[in-house]
Every structure is written in C-alpha cells, then in structure tokens.
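Down below is the structure, laid out as structure tokens.
In this note's numbering, the protein residues as written are 307 to 406.
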C-alpha cells in the first residue's frame, strides 16, 4: 500500500522522482525503490514524507483511507476558502455520478 500511495501523492504534486528526491535529500533511485516496493523508508524518513505530503503515517501505510489536510498556520478565512473548494468538488462529483 505504501508504494502505491507515495507514488500517487508524488504525481498529485506534479513532481517527478528526481524532484521529490531533492525535497527529501535522497536519490531518484531511492524514490524508485520505495515506489516499486523494493525497500521501505526509515521511520525518520517516513516522518519527512508525511510532512512533505501533509498526510498521516497511517494513511501512507494503508492503515486508514482517511486523507486529511493540515491547515495549521492558515487563517480562518483561508480555511473557509478551502472548505468551499472541497464543497464545490463534492457537488460536482454528485452531479457527475447522477449522469452515470
């Protein structure tokens, strides 16, 4: 599960393995090994990955499907904007589901 989630999240950021490796100070080969389930990161590196993606270790490891967004440090107004975007996306998904 970890290897699927890390690749999915990396792609969602629009970065390649080299760029992601630079953020974590590891090589492209290391990222490739994680994404191909050849090796697992250390606990310290798992923490860095969680911080980079703003997700929990439980999510990365497949212990939960709940993907939360860390909004700490944002103003109430900024959080409200994010909530509105999420609401709009949900409405769009509902409309799309009804068409199917």
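Yeah, the Cβ is synthetic: ideal placement off N, Cα and C, and Gly gets one too.
8 angstroms contact criterion, which residue i and residue j should meet: CB distance rounded
| i | j | result |
| --- | --- | --- |
| residue 367 | residue 307 | 7 angstroms |
| residue 355 | residue 330 | 7 angstroms |
| residue 337 | residue 323 | 4 angstroms |
Start-to-end residues for the alpha helix (DSSP H) that takes in residue i
| i | result |
| --- | --- |
| residue 315 | 308-318 |
Runs of 4 residues minimum, wholly inside the region 322-360: which ones carry the alpha helix (DSSP H) assignment?
Within the region 322-360, the complete alpha helix (DSSP H) segments of 4 residues or longer fall at 323-330, 334-341 and 349-359, listed in chain order.
Give, in chain order, every unbroken run of the alpha helix (DSSP H) that is at least 4 residues long and sits entirely within the region 358-403.
Listed in chain order, the complete alpha helix (DSSP H) runs (minimum 4 residues) inside the region 358-403 are 363-366.
Check whether the region 352-368 touches the region 311-321, counting contact only when three or more Cβ pairs, one atom from each stretch, lie closer than 8 angstroms.
Proximity of the region 352-368 to the region 311-321 meets the contact definition, three or more beta-carbon pairs being nearer than 8 angstroms.
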